[in-house]
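Residue numbers (the working numbering), protein chains in the order written: chain A, 1 to 109; chain B, 110 to 225.
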Amino acid sequence: GQSLEQPSEVTAVEGAIVQINCTYQTSGFYGLSWYQQHDGGAPTFLSYNALDGLEETGRFSSFLSRSDSYGYLLLQELQMKDSASYFCAPSRGNTPLVFGKGTRLSVIA
Amino acid sequence: GAGVSQSPSNKVTEKGKDVELRCDPISGHTALYWYRQSLGQGLEFLIYFQGNSAPDKSGLPSDRFSAERTGGSVSTLTIQRTQQEDSAVYLCASSLKRGATNEKLFFGSGTQLSVL
Numbered sequence: 001g002q003s004l005e006q007p008s009e010v011t012a013v014e015g016a017i018v019q020i021n022c023t024y025q026t027s028g029f030y031g032l033s034w035y036q037q038h039d040g041g042a043p044t045f046l047s048y049n050a051l052d053g054l055e056e057t058g059r060f061s062s063f064l065s066r067s068d069s070y071g072y073l074l075l076q077e078l079q080m081k082d083s084a085s086y087f088c089a090p091s092r093g094n095t096p097l098v099f100g101k102g103t104r105l106s107v108i109a
Numbered sequence: 110g111a112g113v114s115q116s117p118s119n120k121v122t123e124k125g126k127d128v129e130l131r132c133d134p135i136s137g138h139t140a141l142y143w144y145r146q147s148l149g150q151g152l153e154f155l156i157y158f159q160g161n162s163a164p165d166k167s168g169l170p171s172d173r174f175s176a177e178r179t180g181g182s183v184s185t186l187t188i189q190r191t192q193q194e195d196s197a198v199y200l201c202a203s204s205l206k207r208g209a210t211n212e213k214l215f216f217g218s219g220t221q222l223s224v225l
């Protein structure tokens, strides 16, 4: 089986830093992906962590701790365009990718 | 094509009618997914095709839902005797799946289904 937990909503100020947490319980874990979805748009891939530690891609970073079954997405220098829903998804090898319910991020001025 | 293509983009139907939603994945992608997303909700997994293996249908909500993938490419999701609770955005995604390595999904723009 599999379970995922993410905060449902997060609000942060433009220019600030925000962290979106994801805890999971899944057998045969391989890695953790993050996707971004703007209102009315399709989800797009942001990052993937297969190993423990921090992966940085520009203003976005993603962290994984396999021993804690925990990861987070870190967004720095927030911009209004970062307002979107963010989904974490643990992968379990050759099984379908299942997403969490997502975290709705609202960036305010 | 350059991306995942879904048609129609919008579909309005009457309760009880059957509908077919089409997905044309990225050429060469072996994995194909269907997800459903209700307004303001997360992505609900429906069905998964991987190469020539039997599809994983574990997410289909009822036997009114079925899907096919012909020739390892185009997929059709069929909903029979539609109900109002079927109203949602149906998203298709494909990936160049290689075993357990990083699987990056590419999503289509979805089909907005409205059942009246």
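All C-beta atoms in this analysis are idealised placements derived from N, C-alpha and C, irrespective of residue type, glycine included.
At a CB-CB cut-off below 8 Å, which residues of chain A make contact with residue i?
i: D165 of chain B; result: T95 and P96
i: S196 of chain B; result: Under the 8 Å cutoff, chain A gives no residues; its nearest Cβ is about 16 Å from S196 of chain B.
Measure the Cβ-Cβ separation of residue i and residue j and say whether it is below 8 Å.
i: L214 of chain B; j: Y142 of chain B; result: yes
i: A197 of chain B; j: S147 of chain B; result: yes
i: S8 of chain A; j: T95 of chain A; result: no
i: P43 of chain A; j: F154 of chain B; result: no
i: Q76 of chain A; j: E14 of chain A; result: no
i: T26 of chain A; j: Q6 of chain A; result: no
Within the same chain, show all residues whose beta-carbon is closer than 7 Å to that of residue i, passing over the 5 residues directly before and after it, in chain order.
i: P117 of chain B; result: T220
i: D195 of chain B; result: I188, L222 and V224
i: Q193 of chain B; result: K124 and V224
If you drop the 5 nearest sequence neighbours on each side, which residues of the same chain put their C-beta closer than 6 Å to that of residue i?
i: W34 of chain A; result: L46, S47, S62, L73 and C88
i: K166 of chain B; result: I156
i: N21 of chain A; result: Y72
i: F174 of chain B; result: I188
i: E212 of chain B; result: S204 and K206
Closer than 9 Å by beta-carbon distance: list the chain B residues that pair up with residue i, in chain order.
i: F99 of chain A; result: Y144, G151, L152, E153 and F154
i: F87 of chain A; result: G151 and L152
Given that residue i touches chain B, what residues does it touch there, using C-beta distances under 7 Å?
i: A50 of chain A; result: N211
i: A42 of chain A; result: L200, F216, G217, S218 and G219
i: S62 of chain A; result: Ordered by position in chain B, no residue passes the 7 Å Cβ test against S62 of chain A, which lies about 12 Å from the chain.
Have a look at residue i and residue j and give me their C-alpha separation to the nearest angstrom.
i: L54 of chain A; j: R66 of chain A; result: 12 Å
i: D133 of chain B; j: T139 of chain B; result: 12 Å
i: N49 of chain A; j: L32 of chain A; result: 5 Å
Residue range of the beta strand (DSSP E) that residue i falls in?
i: F45 of chain A; result: T44 to N49
i: I156 of chain B; result: E153 to Q159
i: F29 of chain A; result: Looking at the DSSP string, F29 of chain A is not in any beta strand (DSSP E), and its letter there is neither H nor E.
Kindly list the residues whose CB is nearer than 8 Å to the CB of residue i, restricted to its own chain and excluding five residues on each side of it in sequence; keep chain order.
i: T122 of chain B; result: V128, T191, L222, S223, V224 and L225
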